[in-house]
Amino acid sequence: MLKNTYIHIPGVGKALEQKIWASGINTWDEFLEMEDRISIPSLRKTRICDEIKISSKHLAARDCFYFSQRLPSAEHWRTYSLFSDSVAFFDIETTGLSPSRDRITVVGIYNGNESKMYVRGINLDDIVEEFSKYKLLVSFNGARFDIPFIKSEFPEIEFKQLHIDLMYPLRRIGYSGGLKNIEKLLGICRSEYTDGMNGFDAVRLWRHYEKGDREALSLLLKYNREDIVNLKTIIELTYPKMVEKTLKM
1 MLKNTYIHIP GVGKALEQKI WASGINTWDE FLEMEDRISI PSLRKTRICD
51 EIKISSKHLA ARDCFYFSQR LPSAEHWRTY SLFSDSVAFF DIETTGLSPS
101 RDRITVVGIY NGNESKMYVR GINLDDIVEE FSKYKLLVSF NGARFDIPFI
151 KSEFPEIEFK QLHIDLMYPL RRIGYSGGLK NIEKLLGICR SEYTDGMNGF
201 DAVRLWRHYE KGDREALSLL LKYNREDIVN LKTIIELTYP KMVEKTLKM
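Structure representation (C-alpha cells):
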C-alpha cells in the first residue's frame, strides 16, 4: 500500500490522493507514466513526480525514518507489506494504568518468528537494544499506553521508526473494542491457560510472582506471548481489508 500512497508528499491531502486513484493511477510508477491522466496544475504535478522519485530512493534504502516522519501516524499501517521483514510486534504488562505511578513488569517482542520476553528484575533493560533492531513496530493501543510507559522508564528509546497502532485501522474496517474481543471476531483462540484473562489478571499474577510464585510468572509470560503472536495473526488477516477500504473510499 505504501507505493499507492501520496499523502506523505507535501501539499497532497486525502482528497487529492483520492482524485489520483479515481483517475486510474494507483502506484508511483503509474503516476510517472500516466501523469497526463489527472487534471491538476502542472507545477503541482511536477512536484509530485519529483517527490515520488525521492520516495522511491528512500524506500530502496529501507529508510523507515523518512516515511515515519512524512506519513500521518494513523497511516503508518500502509507500510506493513514492505517493512514486515523488520517488524516487532510488542506488548507490555504493568502494575497499573499510570506511567507516572506504576511500573512495567513485562515487555514481549515478537519478530514474526521468535518471541522474546523481558522481565523486570531480570532482563528488562535489554529492550533498549532490542527495539533499535526494527524498522517497524506493531502494537494495540500502544500509542496511548505501551509507548508512554516505555518512554517514562526508558527515555533513551526514541521510537523514531514506523509504528502501527492496530486499534485505529481496525476500527475503520469495523473491528472495535479491546484486543480480546477482536480476536474472537476474527476466530482467533487463546490457549486453555490464558483464555478469559485480561490486564487486571496480569497485575494480579505479577503480585503473586513478587511473593515468590514462579508459576504466576510463567502464566503471565504465556499471556503476554499470546498477545504479541496474535498481533501478527490479526494484521495478516485484516491488512487486505484495510487496503481495500482505503482504495474504495
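Under UniProt numbering, the residues of the sequence shown are numbered 1 to 249, in order. Don't be surprised by glycine CBs; every beta carbon is placed ideally from N, CA and C. Everything numeric in this text was worked out from a predicted model, so none of it was measured.
When you compare only the Cα positions, how much space is there between residue i and residue j?
i: N181; j: T194; result: 14 Å
i: P169; j: K14; result: 16 Å
i: A202; j: D227; result: 12 Å
i: D29; j: H208; result: 57 Å
i: L124; j: E17; result: 43 Å
i: T94; j: L220; result: 11 Å
i: A143; j: K151; result: 11 Å
i: R214; j: H58; result: 47 Å
i: G187; j: G178; result: 14 Å
i: F200; j: E158; result: 28 Å
i: I147; j: M197; result: 22 Å
i: D63; j: S81; result: 15 Å
Using CA coordinates, which residue listed in the options is at the minimum distance from residue i?
i: K245; options: G121, I173, R47; result: I173
i: S68; options: L2, L205, R225, N224; result: L2
i: M242; options: E33, H76, I20; result: H76
i: Y239; options: H8, T79, R62; result: T79
i: W21; options: E35, C64, L205; result: E35
i: F56; options: R204, N4, P155; result: Here residue 56 is Ser; the residue named in the question, Phe, does not match the sequence. Of the candidates R204, N4, P155, the one whose C-alpha sits nearest the C-alpha of S56 is N4.
i: K248; options: I7, P10, N26; result: N26
i: P72; options: V12, F154, S42; result: V12
i: K160; options: Y6, F65, I9; result: F65
i: H8; options: Y223, E210, R70; result: R70
i: G121; options: K133, L217, S100, Y134; result: L217
i: K222; options: E210, R190, G212, K211; result: R190
i: F154; options: Y175, G24, S132; result: S132
On the DSSP bridge list, what partners appear for residue i?
i: H163; result: L137
i: Y118; result: V107
i: F89; result: Y110, V138
i: T94; result: I104
Please say whether residue j and residue i have beta carbons closer to each other than 8 Å?
i: I38; j: K19; result: yes
i: F149; j: I104; result: yes
i: L137; j: F90; result: yes
i: E130; j: K116; result: yes
i: E183; j: N230; result: yes
i: L32; j: I52; result: yes
i: V106; j: I92; result: yes
Relative to the ligand NAD, is the shortest distance from any of its heavy atoms to the C-beta of residue i smaller than 7 Å?
i: N224; result: Of ligands this structure carries none, so the ligand NAD is not represented either.
For residue i and chain B, any beta-carbon pair shorter than 8 Å?
i: I9; result: Of the protein chains in the structure, only one exists, and it is not chain B.
**Prompt:** Using 8 Å as the Cβ pair cut-off and three pairs as the minimum, do the stretch 222-238 and the stretch 153-169 touch?
**Reply:** yes
**Request:** Please confirm if the stretch 77-94 is in contact with the stretch 102-114, defined as three or more CB-CB distances below 8 Å between the two stretches.
**Result:** yes
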